[in-house]
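Heads up: the structure comes next, in structure tokens.
Residue numbers (the numbering used here): 50 to 366.
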């Protein structure tokens with residue numbers, strides 16, 4: 050029963066990506082690449098995306114698809130490299146279904162599908178989340194009509210956007226802070242104390258900005274997931290390294306895997322990853338940044354050999 054559900058989710062994932070492609074080829078910022086997606090155009094689009102600011106999980110998809118890491122500033126225009134985009138274009142245009150999920154994953158990157166990779170799409174589907182954004186509506190088949198409404202609204206608002214921005218009220222807390230500063234300055238006489246008072250006020254502003262915006266912009270691995278933490282915390286009893294916050298890794302989790310844990314797609318390709326830690330093995334719901342969060346060892350997709358050795362016959366707790 051579980052396997053059938055995964056098959057259905059995989060088909061929904063493919064259909065959602067194709068629907069996103071139909072929109073992007075008409076009105077997306079890369080429409081000139083996608084309107085008539087030849088192999089060369091898809092190759093150039095791929096280069097443009099990955100040569101800007103690629104996400105960690107997108108780099109993993111690139112490595113799995115091309116069997117090599119992406120190297121910035123070394124553009125490959127060879128026939129052998131370009132031909133690899135043939136099956137990507139065929140998938141987007143509704144042609145032959147690809148044999149490997151990596152083809153679908155690369156297509157998702159080229160059309161900027163938000164709920165990628167597939168593991169993230171599975172989670173969104175299982176939890177039944179209602180997403181009001183464009184790609185959420187792609188899944189429910191309502192995106193084309195909704196997009197037209199959004200575009201119409203955006204056009205009406207463009208002429209008013211400049212004045213709206215100028216007249217946009219500031220957050221209440223900032224207003225309170227500004228009013229407080231003004232009232233203090235008005236009461237301070239021009240004297241020797243003026244410099245001290247000014248320094249105090251700016252120190253207060255710096256403190257507020259630090260605690261409001263920067264204090265918790267880090268994360269740390271805690272047992273089976275990443276937690277957002279204070280960047281300055283060091284003595285919290287957790288020996289794992291404190292890293293800059295990467296929101297794409299907040300869904301990365303260690304699994305309590307057993308013999309009934311689904312690890313493979315219908316075509317046999319794995320979507321569960323593992324990493325060794327001593328004599329044992331840890332399993333994860335996706336590839337994260339490609340490294341074990343505790344040992345920094347490389348993560349690898351589960352093979353049937355690893356499943357039979359470590360999970361077959363292991364009961365769920």
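Where is the CB? At the ideal position from N, CA and C, for every residue including glycine.
Closest by C-alpha distance to residue i, when choosing among the options
i           : options               : result
residue 89  : 109, 67 and 133       : 133
residue 277 : 358, 146 and 294      : 294
residue 333 : 314, 362, 364 and 300 : 300
residue 92  : 156, 163 and 70       : 156
residue 104 : 73, 306 and 166       : 166
residue 317 : 296, 352, 128 and 57  : 352
residue 322 : 304, 309, 228 and 315 : 304
residue 357 : 307, 314 and 320      : 307
residue 152 : 129, 266, 126 and 115 : 115
residue 267 : 253, 297, 249 and 309 : 297
residue 337 : 274, 359 and 314      : 274
residue 97  : 313, 355, 245 and 158 : 158
residue 359 : 331, 247 and 251      : 331
residue 141 : 125, 76, 112 and 65   : 65
residue 71  : 131, 86, 99 and 126   : 86
Range covered by the beta strand (DSSP E) that runs through residue i
i           : result
residue 324 : 322-326
residue 292 : 291-293
residue 267 : 267-271
heavy atom of the ligand PLP below 6 Å from residue i C-beta
i           : result
residue 327 : Looking at this structure, you won't find the ligand PLP or any other ligand, since it has none at all.
Interface flag, residue i vs chain B, CB-CB below 7 Å
i           : result
residue 283 : Protein chains in the displayed structure number just one, and chain B is not present.
Cβ-Cβ distance between residue i and residue j below 7 Å
i           : j           : result
residue 55  : residue 364 : no
residue 324 : residue 348 : yes
residue 162 : residue 69  : yes
residue 168 : residue 335 : yes
residue 160 : residue 73  : yes
residue 154 : residue 164 : no
residue 339 : residue 110 : no
residue 270 : residue 289 : yes
residue 326 : residue 309 : no
residue 350 : residue 319 : yes
residue 150 : residue 355 : no
residue 230 : residue 250 : yes
Extent of the continuous alpha helix (DSSP H) to which residue i belongs
i           : result
residue 274 : That residue, residue 274, is in no alpha helix (DSSP H); its beta strand (DSSP E) goes 274-278.
residue 158 : 150-159
residue 99  : 88-99
Contact the stretch 113-127 vs the stretch 72-80: 3+ CB pairs below 8 Å: no
Sequence ranges, beta strand (DSSP E) only - wholly within the stretch 329-356, length at least 3: 329-333
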